[in-house]
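In terms of my numbering, the sequence shown opens at residue 385 and continues consecutively.
First comes the structure, then the notes that go with it.
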Amino acid sequence: MKKIVRIFEKIIGGKVEYKIDPPDLIVFLRGKINLTRYLIAEEVDYGVKELDPSKISIMANMFSELLDALPPYSEAEIIKRRMSIEKLLRKISNEMMNLRATLDTVEEPHIKRRAEVKLKILEALYENIIKSKPITRVNLVIKIRVVSNSIDNAKHLADIYSSKTMGIMQNYFGIKMKMASRRELLDILKNELGLSIETNIKSIIVDNERLSTMMPLPKNKKPIMEKEDGLPIGIDTETGWPVIIPYKLFDKHVLILGPTGRGKTTLLASMIEGITSLSSILVFAIDFKGDLANMVYSEGIVHLTPNDYPINILVRPSFFQIIDWYLAVSDVLSNVIGISKENFIKIMNKITSNNQVINEKDVLLDRDLSLLSPLIELITSKPKYDVLMKYLSNHVVFDLGKYGTAFQNAYGGLLMHIYKKLVFSTEMIDKPKLLIIDEAWRISRLNGLEELVKEGRSKHLGVVLATQNPRDIPREIIENTHLLIMFGSRNEDYWRDAERFLGLPREIVKKLAYLGVGEALLLNALDPHPIILHVRTPTFMREKHKHIISDDERRA
Numbered sequence: 385m386k387k388i389v390r391i392f393e394k395i396i397g398g399k400v401e402y403k404i405d406p407p408d409l410i411v412f413l414r415g416k417i418n419l420t421r422y423l424i425a426e427e428v429d430y431g432v433k434e435l436d437p438s439k440i441s442i443m444a445n446m447f448s449e450l451l452d453a454l455p456p457y458s459e460a461e462i463i464k465r466r467m468s469i470e471k472l473l474r475k476i477s478n479e480m481m482n483l484r485a486t487l488d489t490v491e492e493p494h495i496k497r498r499a500e501v502k503l504k505i506l507e508a509l510y511e512n513i514i515k516s517k518p519i520t521r522v523n524l525v526i527k528i529r530v531v532s533n534s535i536d537n538a539k540h541l542a543d544i545y546s547s548k549t550m551g552i553m554q555n556y557f558g559i560k561m562k563m564a565s566r567r568e569l570l571d572i573l574k575n576e577l578g579l580s581i582e583t584n585i586k587s588i589i590v591d592n593e594r595l596s597t598m599m600p601l602p603k604n605k606k607p608i609m610e611k612e613d614g615l616p617i618g619i620d621t622e623t624g625w626p627v628i629i630p631y632k633l634f635d636k637h638v639l640i641l642g643p644t645g646r647g648k649t650t651l652l653a654s655m656i657e658g659i660t661s662l663s664s665i666l667v668f669a670i671d672f673k674g675d676l677a678n679m680v681y682s683e684g685i686v687h688l689t690p691n692d693y694p695i696n697i698l699v700r701p702s703f704f705q706i707i708d709w710y711l712a713v714s715d716v717l718s719n720v721i722g723i724s725k726e727n728f729i730k731i732m733n734k735i736t737s738n739n740q741v742i743n744e745k746d747v748l749l750d751r752d753l754s755l756l757s758p759l760i761e762l763i764t765s766k767p768k769y770d771v772l773m774k775y776l777s778n779h780v781v782f783d784l785g786k787y788g789t790a791f792q793n794a795y796g797g798l799l800m801h802i803y804k805k806l807v808f809s810t811e812m813i814d815k816p817k818l819l820i821i822d823e824a825w826r827i828s829r830l831n832g833l834e835e836l837v838k839e840g841r842s843k844h845l846g847v848v849l850a851t852q853n854p855r856d857i858p859r860e861i862i863e864n865t866h867l868l869i870m871f872g873s874r875n876e877d878y879w880r881d882a883e884r885f886l887g888l889p890r891e892i893v894k895k896l897a898y899l900g901v902g903e904a905l906l907l908n909a910l911d912p913h914p915i916i917l918h919v920r921t922p923t924f925m926r927e928k929h930k931h932i933i934s935d936d937e938r939r940a
């Protein structure tokens with residue numbers, strides 16, 4: 385700030401008396417109060433695909449009316465930001481050449497298969513970037529200047545002008561303006577005086593054709609896309625630009641919502657294929673229905689079932705303390721199976737006193753253990769707890785599709801607890817990991833899942849949860865999830881749940897009714913500008929199961 389003051393003093397030729405009172409810069413000069421109110425574009429409506437001549441005329445007239453309404457010397461300023469699309473294209477091109485060279489020289493089938501998948505994903509990404517519309521990143525700042533004899537009167541006038549300006553911008557241009565914070569105000573001043581080139585205030589990515597000197601008001605906020613270090617999950621339906629999730633965002637967790645038949649499983653399969661081919665993140669997926677397992681295939685992905693990895697709730701894994709296993713089993717039996725506290729205590733007394741596998745007859749004849757008869761496989765099986773550790777260095781998809789609902793829910797919950805214990809307390813802790821759960825409502829109420837979500841970021845573990853309704857996920861998990869991908873629906877209960885449980889504004893929720901199959905709304909808690917995308921389908925399906933399609937695709 386001292387540098388700014390020195391420059392002011394040199395320009396004016398004397399001392400400068402000023403006050404920064406965000407969103408205002410107040411300068412005391414020659415007995416007058418010169419106040420400048422700073423407004424910044426915060427959010428932009430994404431919903432207009434093409435502007436017809438009548439809309440352009442209305443917007444131009446309203447922009448003219450806005451300028452007339454503002455006091456003299458006010459400004460509507462565009463700051464062009466840096467973009468490096470050419471650098472991204474060169475990087476992708478070089479990577480594709482390296483992959484083609486790998487395919488020509490490598491003989492190992494699994495390495496060749498992985499390279500083929502990665503090459504096809506990068507080729508599609510390169511083509512989408514080339515074919516899409518030219519774009520520009522900009523800041524939009526409106527400065528309202530007021531001259532008065534007192535600060536109170538100057539602020540009162542600025543409030544009136546601000547209210548009218550923000551109303552016009554919101555109602556006619558779809559742009560939500562906000563008052564600048566102290567940091568943003570100083571950032572703008574430094575940029576204007578040449579003390580810094582970059583600005584850290586909110587930016588908008590917009591098609592070049594929508595940008596002009598008379599109407600610098602974009603209708604679309606676009607995601608950052610000039611960085612390759614991320615996962616392409618689909619295509620922006622308006623511009624054709626790829627929608628990319630930076631890998632570092634997965635640690636902040638992803639929630640995927642949508643009714644059956646809209647494309648959740650396709651998106652999950654695409655994510656698994658892309659992550660396993662393009663990144664070093666280790667994927668561990670729990671698939672309750674079996675559809676996801678049928679859509680995912682790669683030489684580097686291990687497909688497992690409960691037959692491959694038996695679990696017995698009466699036998700404690702060696703890597704669990706007694707109390708930890710007690711809490712894990714209690715979490716599953718009470719929150720997933722619904723066993724009462726009184727009966728649970730009786731069962732747990734039997735569990736802690738047994739360290740050997742018992743048979744079906746023992747279960748059926750025991751009054752307490754008979755409550756677990758729907759889970760007979762989880763009581764009589766011979767567990768192989770140590771086997772899972774050797775698989776964790778690979779990508780794993782657990783298929784629970786051919787089992788009963790009670791078994792699926794209990795096994796999936798216990799598997800999540802075992803995975804959490806292993807990756808949080810072994811050499812896996814420093815490796816980037818991603819847990820994906822399809823039909824997550826089955827185990828979303830588990831305390832262990834909430835703990836995993838809260839602790840995951842600090843231990844390099846991201847979580848992707850897919851389910852049908854917003855109400856399926858507890859608020860504690862929603863509040864710790866930064867990325868939301870929401871498929872459309874015409875169901876009014878779905879809309880109300882989106883408002884009530886997710887806190888989405890009504891203007892965004894209304895868009896859900898118009899989304900087609902495979903289209904979704906993407907929102908980032910760190911940069912909450914919605915994007916409509918069409919999800920990417922997986923490049924390869926499992927060859928021997930090509931005739932099998934998911935429930936989502938069948939209903940679509």
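For each residue, glycine too, the CB sits at the ideal point set by N, CA and C.
Remember, predicted model here, so these are calculated numbers, not experimental data.
Contact annotation: the stretch 634-642 does not touch the stretch 669-683, with fewer than three C-beta pairs closer than 8 Å. In terms of Cβ geometry, Val525 and Glu622 do not form a close pair [threshold 9 Å]. Here Ser682 is buried, its C-beta having at least 16 other C-beta atoms within 10 Å.
Between Pro816 and Leu662, the C-beta gap is not smaller than 9 Å, which leaves the two residues out of contact.
If the five residues before and after Met655 are omitted, its C-beta is found closer than 8 Å to the C-beta atoms of Leu615, Ile617, Ile820 and Val848, all from its own chain and listed in chain order.
Under the 10 Å beta carbon count, Leu487 is surrounded by fewer than 16 other beta carbons and is classified as exposed. Residues Pro407 of the same chain have their beta carbon placed closer than 6 Å to that of Met563, with the five preceding and five following residues left out of the count. Using a 10 angstroms sphere on the CB of Asp620, the tally of other CB atoms reaches 16 or more, which defines it as buried. Looking at the DSSP output, Gly900 shares a beta bridge with no other residue.
When the alpha-carbon of Asp770 is set against those of Asp708, Glu726, Asp692 and Ala824, the nearest one is in Asp692. Annotation for Pro630: no alpha helix (DSSP H) segment contains it, though the beta strand (DSSP E) segment containing it runs Pro626 to Pro630. Excluding sequence positions up to five before and after Met800, its CB lies within less than 8 Å of the CB of Ile670, Leu819, Ile821, Ile827, Leu830, Gly832, Leu833 and Leu836, all in the same chain and listed in chain order. For Phe634, there is no enclosing beta strand (DSSP E), as DSSP gives it neither H nor E. Only residues of its own chain outside the window of five on either side were considered, and among them Arg529 have a CB closer than 7 Å to the CB of Tyr457, listed in chain order. Taking 9 Å as the cut-off, the beta carbon of Ala508 is found closer than this to the beta carbon of Arg920. According to the DSSP assignment, Pro493 belongs to the alpha helix (DSSP H) that extends over Pro493 to Lys515. With a cutoff of 9 Å on beta-carbon distance, Pro854 and Ala882 are scored as near each other.
Residue burial is scored here from C-beta neighbours: Glu449 has fewer than 16 other C-beta atoms within 10 angstroms and is therefore classed as exposed. Each of Trp709, Glu903, Ile572 and Lys527 was checked against the Cα of Lys804, and the nearest Cα belongs to Trp709. The residues Thr660, His779 and Val781, in chain order, have a CB closer than 7 Å to that of Ile685 in the same chain once the five nearest residues on each side in sequence are set aside.
Boundaries of the alpha helix (DSSP H) harbouring Tyr803: Thr789 to Ser809, taken from the DSSP string. Arg529 is bridged by DSSP to Thr420. Taking C-beta atoms as the reference points, Thr923 and Ile640 fail to come closer than 9 Å. Looking from the CA of Ala425, the closest CA among Thr549, Lys504, Asn418 and Lys471 belongs to Thr549. Nearest in C-alpha terms to Thr810, of all of Lys843, Leu784, Thr644 and Gln792, is Lys843. In its chain, beyond the 5 residues on either side, Ile417, Leu419, Val530 and Ser532 have a beta carbon closer than 7 Å to the beta carbon of Ala538. With a cutoff of 9 Å on beta-carbon distance, Leu905 and Lys895 are scored as near each other.
Partner residues in the beta bridge of Asp822, as assigned by DSSP, are Asp671 and Ala850. A Cβ-Cβ contact shorter than 9 Å links Ala453 with Ile552. Residue nearest to Lys838 within the set Ser714, Ala824, His866 and Glu470 is His866 (criterion: CA-CA distance). The three-state reading of DSSP puts Gly618 in strand, counting E and B together. Per DSSP, Tyr693 lies in no beta strand (DSSP E) and is assigned neither H nor E.
Going by DSSP, Asp571 is part of the alpha helix (DSSP H) stretching over Arg566 to Glu576. Residue range Ile706 to Val716 is occupied by the alpha helix (DSSP H) that includes Val716. With fewer than 16 other Cβ atoms from the protein chains shown falling within 10 Å of its own Cβ, Asp613 counts as exposed.
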